[in-house]
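Enquirer: Okay, here's the structure, questions in a sec.
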Amino acid sequence: MTIMQKLFGATAALALTAGAALADPALIFDLGGKFDKSFNESAFTGAQRWAEETGGSYNEVELQSDAQREQALRRFAENGNNPIVMAGFSFATPLTEVAADYPDTKFVIIDGVVEAPNVRSVIFSEHEGSYLVGMLAALASETGTVGFIGGMDIPLIRKFGCGYAQGAVAVNPDATVIANMTGTTPAAWNDPVRGSELTLAQIGQGADVVYAAAGGTGVGVLQTAADEDILSIGVDANQNYLHPGEVLTSMLKRVDNAVYDAFTDGADVETGLNVMGVASGGVGYALDEYNADLITPEMQAAVDEAAAAIAAGDLMVHDYTSDESCPAINF
Amino acid sequence: MDRMPRWADVILIPLISLILAALLSALVILFIGESPIEAIKLMISGALGSTYGWGYTLYYATNFMFTGLAVSVAFHARMFNIGGEGQALLGGLGVAVVLVYIPWPHWTIALLAATASAAAFGAAWAALPAYLQARRGSHIVITTIMFNFIAAALLNWALVGPMKAPGQEPATVSFPEATNLPTLHDIFGIIGIDWSRAAPANVSLFVAIAACVAVWALIWRTRLGYEIRAFGYSEPAARYAGISPFKIIMVAMLISGGLAGCMAINNVQGEAERLVLNAAEGAGFIGIAVALMGRSHPLGVFLAALLFGFLYQGGAELALWMNIQRELIVVIQALVILFTGALDNMIRMPLEKIFLAARRKSPPPPGPDRKSTSAEAAE
């Protein structure tokens, strides 16, 4: 045995023991950043909840570029972090490559699907949750016109808009749904000024409820809606508190639960596809003290009935991403 | 011109700027309650301490070499091309069009075709602003930056629409296996060096180095390069000498756009192996800083690109293992750009005074001094 081999052996042994002692989970945020008041922040909330309840610690990183996706995955895997949770569909391709190289590490991808024995893919049925808030929008609207403001124009966001339009048309077949996207670059996720302009434009076209599925841009949408005395609908996290009495509801996407569950299960996290829909409480609409006066018992009954039907499989909401088309609206 | 010796101009000034930027960054890190010494150690070991770190550093550096050269070439004609970002995005489209729709038998031919296509797409994207500048006098800074947005919109249309792969993501399908470029792991493996398999640096690094040499030869060893420089120093003089301003603006901008487009063989064909949205990730803008810091000389661009590669990879390691937010890493990178690019005169002017004062005390011998001035004038 040469000295080099001994050295390598020693480092390998060290790495192994370090890994065993360290088995902390890790969380990788997408390019939007940790504090986006929306998707990433929801993931962060879940991780924090786990850390506070268990007293455990975890590694985390905010990415700056696409090339760092694979890098962060490999670095955490080599560091012995387990499981490694990543928020965002853009991780699907790098993870497909990396997962095979670290068979003993568990990976959890949120919003994307990777088929590998050590990967859990968590996807949300945003179209179902959007359908429910679409119903509420049409029920609350007096003009019969409701608006949708998306962030960046990608299939995932069209999925939100498509579900929303279906819900609105379901309760009011004559309802008009206006849809606008904020932009075509990732900057569209964080452009509250443009969100505000779009809201004003939709109000000009008669909309009196607007649904923002636009990350940080939504802050501007909600603000303008409150200023102009129309109703708005938040997304991902519960945003009802931002403007009490002015936000009709929020479409909840429980990314925090997905992270929390993965961290709690630790290295034993169950792999495979995990669809979080209305049935499993992964998506839904928010009802709290801030919007209690806006949702009448009739509205709540109608939506809860639809939710039960979706959960039971009696009501199928069309998923835009399944065939890239939408029966209720043209984008 | 002879206020300072040349070595002070090309080495001392950037070095002092860097040290100042590092000191200020250290203060920033101290201010948020982390140890600057730990941070610098981590950056150096993370970016240069292993073949893995080098692999990432060189990957980023390759991007910056292409965009830095692009800005340099245009700058020699006094064209401030800040559209490198859009041209690099279009280069990515060029690479994707060639690799997705044509089956290539081997990566070598695929690389040639992809390089040609990337350069053609990048050059085409620079052609319109160049034409508007040359014929209509529309300022190149305004038009090129506007074209960045148009490029982003065009790419988005292509990736959400006709070129999108099935599934969630707005991206093309992965390029066929045969077109994947060998990474440094594969290349150094041949001569028995065990290079990290994970790092994305690939054969396009050598294309970038070749481009540095080619740009040097073009600017200082060809008639066209002479014309570009002459035009850059003085348009009326160049016109008087029979140089067509239209031709020089067009040619310089086409070469510039082509070089920026070529970046796509590194990040699109080499790293991602498919075209994703926003593939250039700001490298087009970093190219401006690289060209400024490298004094628009290919060797300077090469070194500055390595430095920025180090900053990128070192910054990534900081984000991974220290409690430093990514905004602060951008602050550190921005400080380096600020000191080396924008605050050049802050260092230069006092330094020139020091050299002048030193020279007055001991007047240099007349012989070599004359020789050096004539050599500089010839350059």
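The listed protein sequences derive, respectively, from chains A and B. Mapped onto full-length UniProt numbering, the consecutive letters of the first sequence carry residue numbers 1 to 331. Mapped onto full-length UniProt numbering, the consecutive letters of the second sequence carry residue numbers 1 to 379. No residue lacks a Cβ here, since even glycine has one placed at the ideal position from N, Cα and C. Bear in mind the structure is a predicted one, so any value in this text is a computation, not a measurement.
#1: Verify whether the separation of the beta carbon atoms of A:E142 and A:D208 is less than 7 Å.
#2: Between A:A292 and A:K37, what straight-line distance do the alpha-carbon atoms span, to the nearest angstrom?
#3: Throw me the rounded Cβ distance for the A:A175 and A:V210 pair, which I believe falls under 8 Å.
#4: What residues in its chain sit with their C-beta under 7 Å from that of B:A291, if we drop five residues either side in the sequence?
#5: Spatial neighbours of B:Y312 within its chain, please: C-beta separation below 6 Å, excluding the five flanking residues on both sides.
#6: Of all the residues that make up the region 26–54 of chain B, which are near chain A by a beta-carbon distance shorter than 7 Å?
#7: Are the Cβ atoms of B:G86 and B:G258 separated by less than 7 Å?
#8: By DSSP, does A:E142 sit in helix, in strand, or in coil?
#9: Do you know offhand how far A:L63's Cα is from A:V275's?
#10: Name the chain B residues that come within less than 7 Å of A:T184, Cβ to Cβ?
#11: Nearest to A:S322 by CA position, among B:G53, B:A130, B:E169, B:W7, is which residue?
#12: Suppose contacts are defined by Cβ-Cβ distances below 7 Å. Is A:Q166 in contact with A:A328 by that definition?
#13: What runs of the beta strand (DSSP E), each 3 residues or longer, lie entirely inside the region 138–221 of chain A?
#14: Which word fits A:A138, buried or exposed, when buried means at least 16 other C-beta atoms lie within 10 angstroms of its C-beta?
#15: Please identify, using Cβ separations under 9 Å, the residues of the region 259–282 of chain B that lie next to chain A, in order along the chain.
#16: Can you tell me whether A:D229 is buried or exposed? The criterion is at least 16 other CB atoms within 10 Å of its CB, across all chains shown.
#17: At 3 residues or longer, what runs of the beta strand (DSSP E) sit wholly inside the region 106–161 of chain B?
#18: Specify the secondary structure class of A:S322 as computed by DSSP and reduced to three states.
#19: Is there contact between the region 203–212 of chain B and the region 122–132 of chain B, where contact requires at least three CB pairs shorter than 8 Å?
#20: Can you find the residues in the same chain that come closer than 8 Å, C-beta to C-beta, to A:L200, ignoring five residues on each side of it along the sequence?
#21: First and last residue of the alpha helix (DSSP H) that includes B:A230?
#22: At least one CB of chain B closer than 7 Å to the CB of A:I154: is that the case?
#23: Can you list, in chain order, the residues of its chain whose CB lies under 7 Å from that of B:N148, leaving out five sequence neighbours each side?
#24: What residues from the region 119–144 of chain A come within 8 Å of chain B, judged by C-beta to C-beta, listed N to C?
#25: If you draw a straight line from the C-alpha of residue 402 of chain B to the C-alpha of B:H139, how long is it?
#26: Going by DSSP in three states, A:E289 sits in which element: helix, strand or coil?
#27: Does the beta carbon of A:Q48 come closer than 7 Å to any beta carbon on chain B?
#28: Could you name the residues of chain B that A:Q202 contacts, counting a contact when the two beta carbons are closer than 9 Å?
#29: Hey, quick one: how far does the beta strand (DSSP E) through A:F124 stretch, first residue to last?
#30: Output the residue ranges of the alpha helix (DSSP H) runs that lie fully inside the region 249–315 of chain A and measure 4 residues or longer, sorted by chain position.
#31: Relative to chain B, which residues along the region 79–110 of chain A have a C-beta separation below 8 Å, given in chain order?
#32: Would you mind working out which of A:N59, A:S90, A:V98 sits nearest A:N79, comparing C-alpha positions?
#33: What's the gap between the Cα of B:I16 and the Cα of B:L343?
Expert: Concretely, from the data shown:
#1: Reading the first sequence from its first residue, position 142 is the one you call residue 142 of chain A. Reading the first sequence from its first residue, position 208 is the one you call residue 208 of chain A. Their beta carbons are under 7 Å apart, which means A:E142 touches A:D208 by this criterion.
#2: The residue you call residue 292 of chain A lines up with position 292 of the first sequence. The residue you call residue 37 of chain A lines up with position 37 of the first sequence. Their Cα atoms are separated by approximately 22 Å.
#3: Stepping through the first sequence from its first residue, residue 175 of chain A is reached at position 175. Stepping through the first sequence from its first residue, residue 210 of chain A is reached at position 210. That belief does not hold up - the Cβ atoms of A:A175 and A:V210 are roughly 14 Å apart, past 8 Å.
#4: Indexing the second sequence from 1 puts residue 291 of chain B at position 291. Cβ within range, chain order: G68, V71, S72, F75, V301.
#5: Your numbering for residue 312 of chain B matches position 312 in the second sequence. Within the same chain, B:Y312 has close Cβ partners Y60.
#6: none
#7: Indexing the second sequence from 1 puts residue 86 of chain B at position 86. Indexing the second sequence from 1 puts residue 258 of chain B at position 258. No. Outside cutoff.
#8: Counting from one through the first sequence, the residue named residue 142 of chain A turns up at place 142. Three-state result, A:E142: coil.
#9: Position 63 of the first sequence, counted from the first residue, corresponds to residue 63 of chain A. Position 275 of the first sequence, counted from the first residue, corresponds to residue 275 of chain A. Straight-line Cα distance between these residues: approximately 26 Å.
#10: Walking along the first sequence from the start, residue 184 of chain A turns up at place 184. Within 7 Å Cβ-Cβ: A152, A153, N156.
#11: As a first step, residue 322 of chain A is located in the first sequence; it is residue number 322 there, counting from the start. Answer by Cα proximity: B:E169.
#12: On the first sequence, position 166 is the one that residue 166 of chain A refers to. On the first sequence, position 328 is the one that residue 328 of chain A refers to. Yes, Cβ-Cβ distance for A:Q166 and A:A328 is below 7 Å.
#13: 145–152, 176–183, 209–213
#14: As a working note, residue 138 of chain A is residue 138 in the first sequence. Buried, by the Cβ-count rule.
#15: N267, E271, A272, E273, R274, V276, L277, N278, A279, E281, G282
#16: The residue you call residue 229 of chain A lines up with position 229 of the first sequence. Per the 10 Å Cβ criterion, exposed.
#17: none
#18: Along the first sequence, one-based indexing puts residue 322 of chain A at 322. If DSSP states are grouped into helix, strand and coil, A:S322 belongs with the helices.
#19: no
#20: If you number the first sequence from 1, residue 200 of chain A lands on position 200. Hits under 8 Å: T224, E228.
#21: One-based indexing of the second sequence puts residue 230 of chain B at position 230. Taken as a continuous stretch (DSSP letters only), the alpha helix (DSSP H) holding B:A230 covers 223–233.
#22: Against the first sequence, residue 154 of chain A aligns to sequence position 154. Chain B, which has a Cβ nearer than 7 Å to the Cβ of A:I154, makes this yes.
#23: To locate residue 148 of chain B, count along the second sequence from 1; it is residue 148. For B:N148, where only same-chain residues beyond five positions count, the Cβ hits under 7 Å are G83, E85, G86.
#24: none
#25: Nothing about residue 402 of chain B can be reported from this structure: the residues present for chain B run from 1 to 379 only.
#26: Taking the first residue of the first sequence as position 1, residue 289 of chain A is located at position 289. Looking at A:E289 - three-state DSSP - the assignment turns out to be coil, as it is neither helix nor strand.
#27: Residue numbering aside, residue 48 of chain A sits at position 48 when the first sequence is read from its first letter. No, no contact with chain B.
#28: The sequence position of residue 202 of chain A within the first sequence is 202, counting from 1. Neighbours of A:Q202 on chain B: none; closest Cβ ~22 Å, over 9 Å.
#29: Here the question's residue 124 of chain A lines up with position 124 in the first sequence. First-last of the beta strand (DSSP E) with A:F124: 119–124.
#30: 255–265, 297–312
#31: F89, S90, A92, T93
#32: Position 79 of the first sequence, counted from the start, is the residue given in the question as residue 79 of chain A. Here the closest residue by C-alpha is A:N59.
#33: Sequence index remark: in the second sequence, residue 16 of chain B carries index 16 (1-based). Sequence index remark: in the second sequence, residue 343 of chain B carries index 343 (1-based). Approximately 11 Å between the Cα atoms of the pair.
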